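Asker: Numbering (the working numbering), first residue to last: 7 to 67.
A single structure is presented below for examination.
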Amino acid sequence: MESTGASDASVVTDARQSEAAYDRRRLQQWLTGQARAGGVARRDMLRLVAAAGLASTVPVA
7 MESTGASDAS VVTDARQSEA AYDRRRLQQW LTGQARAGGV ARRDMLRLVA AAGLASTVPV
67 A
């Protein structure tokens, strides 16, 4: 089965646009506190990100 470069490019473009739309929707849900992450609360996720940020600044001996 041969594919043309044009149709492959179209599929990739459609996938990227679809993913970008999904990302925008999820960001809006996150910012409004409506996002759900499989049992992880927004505040817990923010604490985890903050802790990871602090841990990355600690020098390793």
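Cβ atoms here follow ideal geometry from the backbone N, Cα and C, with glycine treated the same way.
Owing to the predicted nature of the structure, the values given are computational and were not obtained by experimental measurement.
(1) With DSSP as the reference, label Val-66 as helix, strand or coil.
(2) Would you kindly work out how many angstroms separate the C-alpha atoms of Ala-15 and Gln-34, rounded to a whole number?
(3) Measure the alpha-carbon distance for Ala-47 versus Leu-54 and round it to whole angstroms.
(4) Any idea what DSSP makes of Ala-43, helix, strand or coil?
Answerer: The structure says:
(1) It is coil, neither helix nor strand.
(2) Approximately 29 Å, taken between the alpha carbons.
(3) Approximately 11 Å, taken between the alpha carbons.
(4) In the structure shown, Ala-43 sits in a strand (DSSP, three-state: E or B).
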